[in-house]
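One structure is given below, encoded as structure tokens.
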Amino acid sequence: MLDLRASVIAVSYIVASVLFIFGLKELSSPATARSGNRLAAIGMALALAATLIDRQIISFWTIAIGTLIGAAMGIYFGRTVQMTAMPQMVALFNGMGGATAALVSVAEYLRLSGHGEAIGIGEATSIVLGTAIGAISFTGSIIAFGKLQEILPGKPLQFPLQRLVNAIVLLAVVALGAMVVMHAPTSTMWLLFAAALLLGAMFVLPIGGGDMPVVISILNSLTGLAAALTGFVLHNQMLVVAGVLVGASGTLLTLLMSTAMNRSVANVLFGAFGAGGSASSAQAAAVARSVRQTTPEDTAIALAYARNVVVVPGYGLAVAEAQHTVRELATDLEKRGVNVKYAIHPVAGRMPGHMNVLLAEANVPYDQLLEMEQVNGQFPQTDVVLVVGANDVVNPAARDDPSSPIYGMPILDVDRAQNIIVLKRSMGHGFAGIDNALFYHEKTRMLFGDARKSLTEIEQALKTA
Ligand code: NAP
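Numbering (the working numbering), first residue to last: 34 to 498.
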């Protein structure tokens with residue numbers, strides 16, 4: 034009977050792991066993402082069911098109560114959270130994962146040492162790493178959540194000798210961890226836990242709010258690593274596989290985002306980007322220049338008589354929640370025979386895939402979404418580019434001005450199109466805090482106002498154009 038149960042659990046774990054891997058694979062394309070999510074969810078249900086029939090589960094009541102509370106919170110947040118608040122929700126949930134991994138490691142340590150069992154070096158190392166990494170991920174994620182939710186100031190929080198203090202806390206974590214492995218009293222474990230919690234907060238505080246999505250991605254990979262280590266401690270292969278998958282995908286995402294911003298991971302973590310106003314020579318020169326404004330009516334005419342239109346969505350589209358309006362406008366234009374595409378920059382917005390998610394929510398067909406490499410060659414044949422709340426990702430300084438802080442970041446070459454119309458509220462800066470020469474270009478017209486309002490007005494005007 035015991036053997037049968039062990040076999041069922043082992044097979045379920047293998048099937049769940051395979052479902053996770055295929056689920057992740059499908060998540061890499063918007064067209065298959067939904068079914069990928071479903072596959073991974075089925076894998077998770079199977080893994081949970083297998084874990085629940087494990088003989089080590091003692092109180093089903095405690096589990097049922099925890100599940101109910103967790104599920105109720107999950108459903109509530111899933112239904113109510115705004116698209117713009119998604120990064121902070123991910124931060125919060127990631128923090129919970131880190132806390133869980135740390136608490137399970139501590140509990141296992143207390144259980145083993147309470148039984149007076151000698152903990153082997155390998156197991157003790159897994160426990161220490163699971164505790165430390167999980168705790169760092171927990172407080173780091175909570176600080177990231179606070180910055181994104183604007184409970185804490187978004188600017189990098191810096192103080193004198195910060196790096197030295199952080200290095201001392203890091204050393205304390207390492208030393209306490211080594212002491213726990215070498216059978217120090219139980220109180221050392223609690224000190225390690227506290228020091229790791231402090232380190233997580235100290236590590237994220239000096240990083241600017243705008244870099245939080247990259248930080249969350251790093252913390253996500255740490256949570257995965259902590260979960261995998263907990264899997265070793267509990268001798269649970271499923272947890273090891275799931276943790277490794279989370280850790281690896283988080284690491285890859287971090288690298289992809291840093292590359293798309295042309296910044297190293299070290300620069301994101303230690304560069305305090307956004308701490309001070311950096312003025313490039315182009316920025317200083319731009320102040321003296323003037324911009325050309327346009328109206329919704331003129332924009333409607335330009336769009337109605339174009340053959341090829343490319344919409345460039347940016348962070349402002351998310352703020353204005355204009356995804357449905359832009360889709361409606363595109364449909365109206367298509368009815369008039371205009372060919373409409375969307376140009377998606379990998380770091381447009383504030384979180385990975387931000388624009389894809391928003392446009393998918395508004396049912397924009399996937400084949401209309403073009404990635405940067407695909408679309409850049411098409412701009413010279415584009416009659417009108419409609420830039421909706423995007424700024425840094427269309428800033429030609431990234432390509433042309435070596436003194437610009439974003440020099441080298443790959444951009445959408447919208448300045449090579451025939452006409453450019455930019456929808457934003459003011460001459461305000463984007464995330465990088467710098468001026469944009471595109472706005473002063475002779476081919477560019479600015480339509481000031483909230484993106485959704487402007488798009489609605491263009492749509493109205495189009496009816497009579
Ligand atoms: P951006 O450069 O931050 O510019 C967004 C623009 O939207 C602003 O200039 C703002 O101008 C405008 N805006 C704000 N609210 C608006 C509204 N209601 N209606 C119309 N316009 C509005 O955005 P982006 O071009 O998408 O670039 C993303 C930036 O974030 C990049 O620098 C990227 O490196 C960074 N980043 C992205 C990620 C990621 O994973 N995607 C992660 C970290 C950092 P006004 O105030 O004048 O309206």
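Beta carbons: idealized from backbone N, C-alpha and C, even for Gly. The structure presented is a predicted model; accordingly, all values stated were derived computationally and were not measured.
Taking buried to mean at least 16 other C-beta atoms within 10 Å of its own C-beta, is residue i buried or exposed?
i	result
Ile90	exposed
Arg296	buried
Ala229	buried
Pro239	buried
Met388	buried
Ser159	buried
Leu336	buried
Val420	buried
Phe236	buried
Met215	exposed
Asn396	exposed
Leu285	exposed
Tyr338	exposed
Ala118	exposed
Ser250	buried
Thr84	buried
His268	exposed
Glu475	exposed
Ala315	Bear in mind that a pLDDT of 45 at Ala315, under 50, signals an unreliable position, so the model cannot answer this.
Gly309	Residue placement at Gly309 is poorly supported in this model, since its pLDDT is 48, which falls under 50; the coordinates still yield a value, given next. Exposed is the call here.
Met106	exposed
Classify residue i as helix, strand or coil using the three-state DSSP reduction.
i	result
Arg478	strand
Gln451	coil
Gln326	strand
Ala376	strand
Val417	strand
Val426	helix
Val397	coil
Val41	helix
Asn499	One cannot answer for residue 499 here, as it falls past the ends of the chain, which runs 34 to 498.
Lys457	strand
Val342	strand
Leu402	strand
Pro385	coil
Tyr440	coil
Glu354	coil
Val48	helix
Val114	coil
Arg296	coil
Asp446	coil
Lys58	helix
Pro218	coil
Arg369	coil
Ala105	helix
Asp483	coil
Gly31	Because the chain spans 34 through 498 in this model, residue 31 falls outside it and cannot be assessed.
Ser250	helix
Gln407	helix
Ile91	coil
Leu185	coil
Asp433	helix
Contact defined as beta carbons within less than 8 Å: I believe residue i pairs with residue j. What is the distance between those atoms, to the nearest angstrom?
i	j	result
Ala351	Met116	6 Å
Gly347	Asn424	6 Å
Ala80	Tyr46	7 Å
Phe29	Gly76	Given that the chain is displayed from residue 34 to residue 498, the structure contains no residue 29 and the question cannot be resolved.
Could you work out which residue in the options is closest to residue i when comparing CA atoms only?
i	options	result
Leu71	Ala83, Ile86, Phe55	Note on identity: in this sequence residue 71 is Arg, with Leu being the wrong assignment. Taking only the C-alpha atoms, the option nearest Arg71 is Phe55.
Ala49	Met442, Leu272, Glu475, Tyr440	Leu272
Pro385	Gln195, Thr497, Leu238, Thr292	Thr292
Leu391	Asp425, Val345, Asp416	Val345
Ala259	Thr287, Trp223, Val161	Val161
Met460	Ala450, Met442, Asp416, Leu480	Leu480
Arg340	Leu366, Val359, Val324	Leu366
Ala470	Gln401, Asp483, Arg325	Arg325
Leu125	Ser61, Gln182, Gly147, Thr164	Gln182
Asn452	Val342, His462, Val371	Val342
Gln411	Asn424, Tyr440, Ala450	Ala450
Asp483	Gly422, Ile454, His474, Val427	Gly422
Glu359	Gly463, Gln401, Arg383, Leu445	It should be noted that the sequence gives Val, not Glu, for residue 359. Taking only the C-alpha atoms, the option nearest Val359 is Gln401.
Val301	Val277, Asp244, Gly349	Asp244
Arg369	Glu492, His474, Arg196, Val198	Glu492
Ile154	Met212, Gln270, Ser437	Met212
Leu131	Tyr440, Ile334, Leu262, Ile454	Here residue 131 is Gly; the residue named in the question, Leu, does not match the sequence. Measuring from the Cα of Gly131, the nearest candidate turns out to be Leu262.
Tyr473	Asp448, Arg485, Thr489, Gln195	Asp448
Ser40	Ser138, Leu224, Ile86	Ile86
Ala431	Leu143, Glu354, Ala465	Ala465
Leu185	Gly242, Ala64, Lys374	Gly242
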